[in-house]
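See structure below.
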Amino acid sequence: MRLFGVIGKPVMHSLSPTMMNAAFQAQGVDAVYLPFQVEPGDLVDALRGLRAIGAVGINVTIPHKLGVYDWVEARTEEAEMARAVNVVRFTPTGAVGHNTDVSGWWASVAPFLGEGSLKAAILGAGGSVQAILTALAKERPRSEVSVCCRRPEQAEALAQLYGEWLSVRHVAWPDRHEAIARADLVVQCTPIGMWPRVEESPVESPECFQPHQVVQDIVYRPLHTLFLRQAQARGAKVADGASMLIWQGVKAYEWWLEREAPVDVMQRAVYEALEREEANGHG
């Protein structure tokens, strides 16, 4: 039996084991996927231990994406551009780091988007934003991106990293509604509205949403955040955060196993788990 898993802290709430084990079972793959809670100070020992016991691959979540980026012997182009690793493949010659948050995020929004460069507004400047900017750099170069955050130095650092491909500018947090109103694509990357504070939204004036827009919240607990409900009420097309989780998992599965993933099975596993949580009053 082949071993896969996810490392992070916290990690026991992760839906990746539910999704991946359902995929293995559906395709008759003799494998198991387990969560491993790893303290930051134990990261290198954990990675060496997983390699020593023959693990095939792991996902990496908060707070380890940068530490693993530094640890692996080789990295893919996506990992290099995103400056982070969210998936590792252990090989006889060393560990390879990849970033499926990049292609996974793109797969979650691309069906809703037209051709050509975009005007995007991103709320927040945390680690997930680099994966999104990497995807835009690869798939929609020359797009204009407004990064709405409280610390201008974060947006300025992103502008330097991605300035070769994108026009990235800082928008002060109080001015976020104007940036949203001008955008074709709006992505919410802050924890605002996450369980249990489900009646919060980073948008105070929903009139900024437009019917032609694609709006995504990468929060998926709850699945239908107030932010998404506000956008949907104004006629925008919405994409939930679970879609990004699912598609990054699909891309990781295919990268590890070199076979097509059972997308429908993985989607059903995640959405059913989230629906059960909501029914039980969690998320």
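Each number in the working numbering comes from the position in the sequence shown (counting from 1) with 17 added on. Ideal Cβ placement from N, Cα and C applies to all residues, glycine included. This one's a predicted model, so the numbers in the text were calculated from it and none came from an experiment.
Check	Outcome
Based on the DSSP secondary-structure assignment, which residues constitute the bridge partners of A234?	Looking at the sequence itself, residue 234 is Asp, so the reference to Ala does not match. Looking at the DSSP assignment, D234 forms a beta bridge with Q205.
Rounded to whole angstroms, what is the Cα-Cα separation between M98 and I197?	26 Å
Using the Cβ count rule (16 or more neighbours within 10 Å means buried), how would you classify V126?	buried
If I follow the unbroken beta strand (DSSP E) through H14, where does it start and stop?	Residue 14 is absent from the structure shown; the chain starts at 18 and stops at 300.
What first and last residue would you give for the beta strand (DSSP E) that runs through P213?	Segment: none, P213 is in no beta strand (DSSP E) and carries neither H nor E.
Taking C-alpha atoms, which residue in V232, F244, Q205 and P223 lies nearest to V215?	F244
Count the other CB atoms, across all protein chains shown, that sit within 10 Å of the CB of D257; report buried if there are 16 or more and exposed otherwise.	buried
Assign T207 to one of two classes, buried (16 or more other C-beta atoms within 10 Å of its C-beta) or exposed (fewer than that).	buried
Quick one: is H30 buried, meaning 16 or more other Cβ sit within 10 Å of its Cβ, or exposed?	exposed
Beta-carbon within less than 6 Å of M36's beta-carbon, same chain only, minus the 5 sequence neighbours each way: which residues are those?	G266, M283, A286 and V287
Using 8 Å for Cβ pairs, my map puts Y237 next to L262. What's the rounded Cβ distance?	6 Å
Note down, one range per segment and in chain order, each alpha helix (DSSP H) of at least 4 residues found wholly within the stretch 67-114.	82-88 and 94-99
Going by DSSP, which residues form a beta bridge with C165?	L140 and V188
How many angstroms separate the CA atom of K136 from the CA atom of A124?	18 Å
Here's the rule I'm using: 16 or more other beta-carbon atoms within 10 Å means buried, otherwise exposed. How should N103 be labelled?	buried
Taking C-beta to C-beta, are Q247 and V220 nearer than 8 Å?	yes
Is DSSP giving A48 helix, strand or coil here?	strand
Give the C-beta separation of A259 and L240 to the nearest angstrom, bearing in mind that I take them to be a contact with Cβ-Cβ under 8 Å.	6 Å
Hey, quick one: how far does the beta strand (DSSP E) through F21 stretch, first residue to last?	R19 to G25
Which class does V255 belong to by DSSP, given the choice of helix, strand or coil?	strand
Expressed to the nearest angstrom, what Euclidean distance is found between the alpha-carbon atoms of G141 and A39?	33 Å
By how many angstroms is the C-alpha of N76 removed from the C-alpha of K26?	12 Å
I'd like the span of the alpha helix (DSSP H) that includes D281, first residue to last.	V280 to A296
Would you list the residues sitting across from Q227 in a DSSP beta bridge?	Beta-bridge pairing links Q227 to no other residue.
Contact defined as beta carbons within less than 8 Å: I believe W182 pairs with A152. What is the distance between those atoms, to the nearest angstrom?	Actually they do not touch by this definition, with Cβ atoms about 11 Å apart.
Whole angstroms is fine: what's the gap from V231's alpha carbon to F129's?	7 Å
Under 8 Å Cβ to Cβ from V46, same chain only, skipping five residues before and after it: list those, please.	R19, A40 and L274
Drop a sphere of 10 angstroms on the beta-carbon of G74, count the other beta-carbons inside from all chains shown, and report buried for 16 or more, exposed for fewer.	buried
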